[in-house]
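**Student:** Counting with this note's numbering, you get residues 3 to 71 for the letters of the sequence shown.
Each residue gets a CB set at the ideal place from its N, CA and C atoms; glycine is no exception.
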Amino acid sequence: MVTTTTTDKTHTPLHINDLTLMITHFNRTQSLRRLLSTLKNYRISFDEIIVSDGGSNPENLQLQCQQNK
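1. Would D20 be called buried (16 or more neighbouring beta carbons within 10 Å of its own) or exposed?
2. Buried or exposed for D55, going by 16 or more other Cβ atoms inside 10 Å?
3. Which class does T14 belong to by DSSP, given the choice of helix, strand or coil?
4. Helix, strand or coil for N43? Go by DSSP, reduced to three states.
5. Check whether the Cβ atoms of I51 and L16 lie closer than 8 Å to each other.
6. Considering only DSSP beta bridges, list what S54 is partnered with.
Below you can see the structure in the form of structure tokens.
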């Protein structure tokens, strides 16, 4: 089920219920940062976002923590 509200004419918030977004990458911090930022800017959210990075870089964990705020 998709839930939207119409408070912002530029990017209407979109929350996708019952769906987990899984992101896989390895040592692509800039790409991960850009993707998470784009989701936030477009006001798209999921019940859960899982980032699987294969233990590539500690900086990626910081990006996840920032996204969860």
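**Tutor:** Once the coordinates are examined:
1. Using a 10 angstroms sphere on the CB of D20, the tally of other CB atoms stays under 16, which defines it as exposed.
2. With 16 or more other CB atoms across the displayed protein chains lying within 10 angstroms of its CB, D55 is buried.
3. Coil, per DSSP.
4. If DSSP states are grouped into helix, strand and coil, N43 belongs with the helices.
5. Against a cut-off of 8 Å, the Cβ pair of L16 and I51 comes out as no contact.
6. In the DSSP output, where bridge partners are listed per residue, S54 has T26.
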